[in-house]
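Structure first, then comments.
There are 2 protein chains.
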Amino acid sequence: MTSRSRLQLYSFWRSSASYRVRIALNLKGLAYEYRAIHLVKDGGEQFRPEFTRLNPQARVPFLVDGGFALGQSLAILDYLDTLAPSPRLVPQEPALRARVLAFAHAIASDIQPLQNTGPLAYLTRELGVEEPRKDGWVRHWIERGLAALEQERAGAPDTPNVFGDAPTLADCVLVPQVYNVDRYRCDTSRFPRLYALAKRLESLPAFAAAHPSRQPDTPP
Amino acid sequence: MTSRSRLQLYSFWRSSASYRVRIALNLKGLAYEYRAIHLVKDGGEQFRPEFTRLNPQARVPFLVDGGFALGQSLAILDYLDTLAPSPRLVPQEPALRARVLAFAHAIASDIQPLQNTGPLAYLTRELGVEEPRKDGWVRHWIERGLAALEQERAGAPDTPNVFGDAPTLADCVLVPQVYNVDRYRCDTSRFPRLYALAKRLESLPAFAAAHPSRQPDTPP
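Those protein sequence lines, which keep their order, are chains E and C. So the first sequence is residues 1390 to 1609, counted in our numbering. So the second sequence is residues 1390 to 1609, counted in our numbering.
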C-alpha cells in the first residue's frame, strides 16, 4: 500500500463541501478511496451510529488518513497542503494568503451554510417554508455573496485562476458554489466574470473528475 | 504613530465574528481604533455607500491595516498571526493545526451563519417566521453543533484552553459562540465541558475586554 491509497474520503455526490475536497485531492494527484454517505436517503446515512462514532458532527466531507481523521472541508484542504505541497492551496505570501482565505470564507461561511441540506430540511419540516420561497432564500444568499466578490475584483485583470495563474483554495471553493448557481438558476448577470471563470475551471481535468455528475454514488 | 495604532477595526458590539477579532487583537496586544457599524439601526449601517465602497460584502468585522483591508474573521485572525506571531492562533504542527481549524470551522461554518443578523432578518421579513420559532432555529444549530464538538472531546483531559495550555483560533471562536448560548438560553447540558471552559476563558483580561458588554458602541 502506498502512502497515497491510505486516504479515504466520506463524500456525497451533490455535497458542495465534499466537491471542494475532491477537487483538491485531484489537483494534488492524491489517490483516495471513495466512501459514499447519502445525506437524504432514509433520514440521512450521516446520522447512522457507524458514521457518527467516526464523526460526531454527522457531516461530510470527512477524511481518514491512517489513524488520523478530520472533518470540515477547509480544514481538510489546509491539511492536504501538508501531505502534498504542490500545488499549494493556501499560499504563504501574507497578502495573497489573506485574500485567498477571505474569498474562500465568504463562500464557506456566508453562502454555503444557508443552502446546506440540514438547514433546508429544517426550513421545510420545522418552519413550513414551501419550495419556491426556499429556493428564493438560497438564490438570495448566493447572488448577494457572489455579487460582492465580483465587485471586489472590479478593475483586476482576468486570470486563469481566481488568484493568478495557479489554483488555490479559492478555486476549490468557487467551482462547487457555481454548481449550485446552476442548480438554483441564479441570476449570473450579477457576477458574470466569476461565473465565466468557474465555467472554464470546471472543464479542467482535476475539476471535471470531481464534478457531482461523475461520482460513484451519482444517481444514473 | 506606531505600527500598532495603524489598525482600524470595523465592528458591531454584538457581532460574534467581530468579537472573535477583538479577542485576537487583545491576546496579541495589538492596539486598534474601533469603528462602530450598527448592523440593525436604519436598515443597517453596513449597507451605506461609504462602507460598501470599502467592503462590498457589507459585513463586519473588517480590518484596515494601512493600505491593506480585509474582511472575514477567520482570514483576519490568520493575518494577525503574520503581524504579531505570539500567541500563535493557528498552530504550525500539522495534526494540532488541523484539529484547531476543524473546531473553528465547525462553529464558523455550521453554527454562526445560521444565527447571523442577515439570515435572521430574512426569516422574519421574507419568510414570516415568528420570534419563538426563529429562536428555536438558532438554538437547534447551536446545540447540535456544540454537542458534537463536546462529544469529540470525550475522554480528553481538561485543559486551560480548548487545545492545551495556550490560546488558539479555537478559543477565539468558542467564547463568542457561547455568548449566543447565553443570549438564546440554550440547553448547556448538551455541552457542559465546553460551556464551563468558555466561561472560564471569558473572565480572562483579553477576552473580558472584547466582550460585547464593554465596547464603545454597547448601548447603555
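All C-beta atoms in this analysis are idealised placements derived from N, C-alpha and C, irrespective of residue type, glycine included.
Tell me, please, which residues DSSP counts as bridged to residue i.
i       : result
C:R1424 : C:Y1399
C:L1452 : C:L1398, C:L1459
Output, in chain order, the set of chain C residues within a Cβ distance shorter than 7 Å of residue i.
i       : result
E:P1614 : With chain E represented from 1390 up to 1609, any question about residue 1614 of chain E goes unanswered, as that position is not in the structure.
E:T1471 : P1483
Helix, strand or coil for residue i? Go by DSSP, reduced to three states.
i       : result
C:N1444 : coil
C:N1550 : strand
E:P1476 : coil
E:E1434 : helix
C:A1598 : coil
E:L1583 : helix
C:S1407 : helix
E:C1575 : coil
C:D1542 : It is Arg, not Asp, that sits at residue 1542 of chain C in the sequence shown. Reduced to three states, the DSSP call for C:R1542 is coil.
E:E1519 : coil
E:P1556 : coil
C:D1524 : helix
E:K1417 : coil
C:Q1566 : helix
E:T1471 : helix
C:L1593 : coil
E:P1608 : coil
C:K1588 : helix
E:E1439 : helix
Please compile the residues from chain D whose C-beta is within a distance smaller than 7 Å of the C-beta of residue i.
i       : result
C:Q1446 : No chain D is part of this structure, whose protein chains are labelled E and C.
Considering only C-alpha positions, which residue in the set the options is nearest to residue i?
i       : options                            : result
E:L1414 : E:V1429, E:W1402, E:I1465, E:R1442 : E:I1465
C:P1594 : C:C1575, C:P1609, C:R1579, C:P1556 : C:P1556
C:A1545 : C:T1513, C:L1583, C:E1434          : C:L1583
E:L1563 : E:L1396, E:A1495, E:Y1511          : E:A1495
C:R1455 : C:P1480, C:Q1446, C:P1581, C:L1396 : The sequence given here has Gly at residue 1455 of chain C, not Arg. C:G1455 has its Cα closest to that of C:L1396, out of C:P1480, C:Q1446, C:P1581, C:L1396.
E:P1549 : E:L1586, E:Q1540, E:P1565          : E:L1586
C:A1491 : C:E1541, C:R1528, C:P1450          : C:E1541
E:R1522 : C:E1515, C:E1520, C:R1522          : C:E1515
C:Y1511 : C:I1500, C:V1449, C:S1404, C:V1429 : C:V1429
C:L1535 : C:S1578, C:P1450, C:G1507, C:G1553 : C:S1578
E:V1570 : E:L1558, E:E1532, E:F1552          : E:E1532
C:L1416 : C:D1606, C:A1597, C:S1602          : C:A1597
C:L1485 : C:A1559, C:S1475, C:N1444, C:L1419 : C:A1559
In chain E, which residues lie with their C-beta within 7 Å of the C-beta of residue i?
i       : result
C:R1522 : L1516
C:K1464 : Lys is not the amino acid found at residue 1464 of chain C; the sequence shown has Ala there. Per Cβ cutoff of 7 Å: A1487, L1490, A1491, H1494.
C:E1541 : P1445
C:T1607 : Within chain E, no residue comes near C:T1607; the closest Cβ sits about 25 Å away, beyond 7 Å.
How would you list, in chain order, the residues of chain E whose beta-carbon sits under 8 Å from the beta-carbon of residue i?
i       : result
C:Q1461 : L1490, A1491, H1494, A1495, S1498
C:A1484 : F1457
C:T1577 : Within chain E, no residue comes near C:T1577; the closest Cβ sits about 17 Å away, beyond 8 Å.
What in chain C is Cβ-close to residue i, meaning under 8 Å?
i       : result
E:D1467 : R1486, A1487, L1490
E:Y1511 : W1526, H1529
Minimum length 4: unbroken alpha helix (DSSP H) runs contained in the region 1478-1515 of chain E: Counting only runs of 4 or more, we get 1483-1499, 1506-1514.
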